[in-house]
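Position in the sequence shown (first residue = 1) + 201 = the numbering used here.
Virtual Cβ for every residue (Gly too), placed ideally from N, Cα, C.
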Amino acid sequence: MTVGFTRGPPIRNRSFVLCWRLQPKPRHGNCSKEPWRCCDPLRRNRNAGGAEKAEPFERRVLVEIAGVEKEGRAVSASLFRFADIRNHVVGLPLFRRWCAVSAIAVSLILFFGGTVHADTDPLARARQYVDYQKYDKAIPLLESYYGHNPESTEAYYLLLHALRMNAVVAYDEKDYGTAIVSLVRAVQLAPTDTFVKRDLATVYTAYGYHLYSRADTPGAEEAFRKALEIIPTSRAARRGMARIEEGKGDAEREAGRPLIAIHHYRSALEWDSTSIAAHLALGQIYYRREEFALARQHLKKARELSAKTIKGLDDLLARVDREEEETRLYETIEADGFRVRFRGAARYELFNQILPILQEARQRASFLFERTPRKPLTVILYTGEAFSRAVAAPDWATGLYDGKVRLRESEVNRPVTYLTRVIRHEVAHAVLNQVCAGDVPAWIHEGIAKYLEIDQWDSLQDASYLVTAIKRKEWIDLWRLEKPFTSLPGDSDVRLAYDESAAAIRFLATNYGQRAIADLVTLLSAGRSPAEAIDNITFLDRNVFQSRVRDWVLWEYDR
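Okay, here's the thing in structure tokens:
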């Protein structure tokens, strides 16, 4: 039987690998043989005491293999011992001659052949690196070999495999840069391989989300676009682009540029038509712009796409329907930064009556906040039960602001002093909502609106209820009053919440100056929490601040 030697992986016979690795290593220090017969050639030559005592190595191997022909089972021990000494120059020809003795000899020939060629052939060495999953070491060898031998099919496919697997390892370790470099080279090698392209697009997409999570929006957008250049239909990359456009739209919306925000939200829907956030944002913007048909379209689409109930969405859709009807039935007059709606020709007198009060209230709030609203304020006058139908407000509410100032017509016919307080309160909400980009808790919103109603508190009319509550230790923690007061259980709690809020803001203005209120609005616009903003202005933490407010109320109004 003739066995040809070819360049292959160092070991292909897995059973041989297991057996060879399990063979016990000889203990050279306690070798039972004579020194010149020791299985360690270095020790044998060192201890022989002279060349005349050393048996020629080739002769020893021939003798052992000749013995193998007579004793078939002894071949394994001899061959494995020969493998341990790694004398390839002598061993390889001998094992070629005697390969028919045992099937293990064939495996050893492959073992010796692979090892010899790994020392001299870069392709064989690279193959070993690939077998041991050391792709980073195999790739340079394969690149060099393939560069000099471009016709080598084996080198081509081995390099492509090493590049892809190196990218997989790097991807698992979140080393996206290395993964991208490997796959870009793989695409250069195989520009028509759809699997390699898919892998590269996947890595670019994952890298984009990684950058987006670190607020690197430009880098994330570039990564998503590269993924889409490779696979334009990649849903994950398109969703990533939609998320970036939503973020841009949110920023423009907070900055008071709704038209630019609409452009970004529409771009988000072009990338991903199932974006619930984009549909909701467009619905809200169109509602505020009184484009009710478009608002309804996007809000209903958001409801269809959402698997869960979106809180407040049904109420907003109902409001859209009501206000669309109002727009159809009510007349509108625009004057000096206001858009006033009313029903019936006789209501022009009411418009002329409230316009000066509206102007004064707007100017008063702008002076306090040191900012002027850029958009006109919408005011709607309701007749009869229309106010209750239009808004979900309690019976005691004389007015309401929910993006628009809503007033009962019956309140307009009351004394001017009372009407002025009502209008100042609601206009303060409207102006604050425009000039403050951040989230304002209810107690600050209502406290500022109450502060702008009148110049001075009356001890009996305005502060007596609060003084009594403080003495009874019924004070409600201000930081529990961040939601609208209509959510409070009883009317007494609602009144106390209004009075506490008004006292806190009046305490700030009295002891730190009116400028403190403008500073408070500025800090909230910058994203500070209410506690941080109060601490920044007063150098008091939330508990000490409330204690000082209570002490101040008792000192000033408990007479």
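Less than 7 Å between C-beta atoms, sequence neighbours within five positions excluded: which residues of the same chain meet that for R696?
The residue you call residue 696 lines up with position 495 of the sequence shown. Once the five neighbours on either side are set aside, the close Cβ partners of R696 are Y666.
Quiz item: Which term fits G691, buried or exposed, when burial requires 16 or more other beta carbons within 10 angstroms of its beta carbon?
Solution: Numbered from 1 along the sequence shown, position 490 holds the residue referred to as residue 691. Residue environment for G691: exposed (fewer than 16 other C-beta atoms within 10 angstroms of its C-beta).
- Query: Between S303 and V331, what straight-line distance do the alpha-carbon atoms span, to the nearest angstrom?
  - Reply: Against the sequence shown, residue 303 aligns to sequence position 102. Against the sequence shown, residue 331 aligns to sequence position 130. At S303 the pLDDT is 46, less than 50, meaning the model places this residue with poor confidence and gives no usable figure here.
Check for me: the alpha helix (DSSP H) holding E550 runs from which residue to which? Numbered from its first residue, the sequence shown carries residue 550 at position 349. First-last of the alpha helix (DSSP H) with E550: 549-570.
| field | Distance, Y347 Cα to I477 Cα | value | Looking up residue 477 in the sequence shown gives position 276. Looking up residue 347 in the sequence shown gives position 146. When rounded, the distance between both Cα atoms is 51 Å.
For the alpha helix (DSSP H) that contains L343, what are its first and last residues? Indexing the sequence shown from 1 puts residue 343 at position 142. Here the alpha helix (DSSP H) through L343 covers 336-349.
Nearest by alpha-carbon distance to R467: which of Y488, A421, L343, A443 is it? By 1-based counting over the sequence shown, the position of residue 467 is 266. Selected option, being the one with the closest Cα: A443.
- Task: Name the two residues that bound the continuous alpha helix (DSSP H) containing A573.
- Result: To locate residue 573, count along the sequence shown from 1; it is residue 372. The identity of residue 573 in the sequence shown is Thr, whereas the question assumes Ala. That residue, T573, is in no alpha helix (DSSP H); it is neither H nor E in DSSP.
Can you tell which of V668, L514, D640, G457 has its C-alpha closest to the C-alpha of E757? Taking the first residue of the sequence shown as position 1, residue 757 is located at position 556. The shortest Cα separation from E757 among V668, L514, D640, G457 belongs to V668.
| task | For A703, I'd like the list of residues in its chain whose CB is within less than 7 Å of its CB, leaving aside the five on either flank, ordered along the chain. | result | For the purposes of this step, residue 703 is taken as the residue at position 502 of the sequence shown. Excluding residues within five positions, the ones whose Cβ falls inside 7 Å are G648, K651, Y652.
| request: Mind the definition here: the region 714-725 touches the region 557-571 only if three or more C-beta pairs lie below 8 Å; say whether that holds. | output: Yes: at least three Cβ pairs fall under 8 Å.
Using 8 Å as the threshold, is the region 730-749 in touch with the region 673-693, meaning 3 or more CB pairs across them?
Enough Cβ pairs lie closer than 8 Å, so yes.
On a CA-only basis, which of P616, S748, A416 is nearest K672? Give me that one, please. Locating residue 672 in the sequence shown gives position 471, where the first residue counts as 1. The residue from P616, S748, A416 with its alpha-carbon nearest to that of K672 is S748.
Determine the closest residue to V745 out of S414, Q715, A705, A727, with distance taken between C-alpha atoms. Locating residue 745 in the sequence shown gives position 544, counting from the first residue. Answer by Cα proximity: A705.
Just the C-alpha distance for D516 and W644, rounded to the nearest angstrom, thanks. The sequence position of residue 516 within the sequence shown is 315, counting from 1. The sequence position of residue 644 within the sequence shown is 443, counting from 1. C-alpha separation (whole angstroms): 24 Å.
Looking at chain C, is there any beta carbon in it that lies within less than 7 Å of the beta carbon of D603? The structure shown has no chain C; it contains just one protein chain.
G728 burial status per 10 Å Cβ neighbour count (16 or more: buried): Translated into the one-based positions of the sequence shown, residue 728 becomes position 527. It counts as exposed.
- Assigned secondary structure, F543 (DSSP; H/G/I helix, E/B strand, else coil): Start at 1 with the first residue of the sequence shown, and residue 543 comes out as number 342. In the structure shown, F543 sits in a strand (DSSP, three-state: E or B).
message = Quick check on the burial criterion: 16 or more other C-beta atoms within 10 angstroms. Buried or exposed for V617?
response = On the sequence shown, position 416 is the one that residue 617 refers to. It is exposed - the Cβ of V617 has fewer than 16 other Cβ atoms within 10 Å.
*For I677, three-class secondary structure by DSSP*: Your numbering for residue 677 matches position 476 in the sequence shown. Looking at I677 - three-state DSSP - the assignment turns out to be coil, as it is neither helix nor strand.
query: Can you find at least 3 beta carbon pairs, one from the region 369-378 and one from the region 344-361, that sit closer than 8 Å?
result: No, the region 369-378 is not in contact with the region 344-361.
*Taking DSSP as the reference, what is the three-state secondary structure of L682?*
Sequence index remark: in the sequence shown, residue 682 carries index 481 (1-based). Secondary structure of L682 (DSSP, three-state): coil.
Check your understanding: Which value, in whole angstroms, describes the spacing of the CA atoms of Q635 and P577?
Key -> In the sequence shown, residue 635 corresponds to position 434, counting from 1. In the sequence shown, residue 577 corresponds to position 376, counting from 1. Answer to the nearest angstrom: the Cα atoms are 10 Å apart.
Beta-carbon within less than 6 Å of A462's beta-carbon, same chain only, minus the 5 sequence neighbours each way: which residues are those?
As a first step, residue 462 must be located in the sequence shown, where it is residue number 261. If we look at A462 and ignore the five residues flanking it on each side, its Cβ neighbours are G450, E453, R454.
Notebook entry, point to check: For the region 425-501, which segments carrying the alpha helix (DSSP H) assignment without a break, of at least 4 residues, lie completely within its bounds, in sequence order?
Noted result: For the alpha helix (DSSP H) assignment, the uninterrupted runs of no fewer than 4 residues enclosed by the region 425-501 are, from N- to C-terminal side, 436-455, 459-472, 477-489.
query: Are the beta-carbon atoms of K427 and Y405 separated by less than 7 Å?
result: Here residue 427 refers to the residue found at position 226 of the sequence shown. Here residue 405 refers to the residue found at position 204 of the sequence shown. With contacts defined as CB atoms closer than 7 Å, K427 and Y405 qualify as a contacting pair.
Cβ pair V188, E627 closer than 7 Å: With the chain covering only 202 through 760, there is no way to say anything about residue 188.
P351 to A391 span [Cα, whole Å]: Along the sequence shown, one-based indexing puts residue 351 at 150. Along the sequence shown, one-based indexing puts residue 391 at 190. Going from the Cα of P351 to the Cα of A391 covers about 13 Å.
In its own chain, which residues sit with a C-beta less than 7 Å from the C-beta of I558, not counting the 5 before and 5 after it?
As a position in the sequence shown, residue 558 is number 357, starting the count at 1. Contacts found: L620, T621, I624.
- Does the beta-carbon of E505 have 16 or more other beta-carbons within 10 angstroms, so that it is buried, or is it exposed? Residue mapping note: residue 505 aligns to position 304 of the sequence shown, counting from 1. The residue is exposed, with fewer than 16 neighbouring Cβ atoms inside 10 Å.
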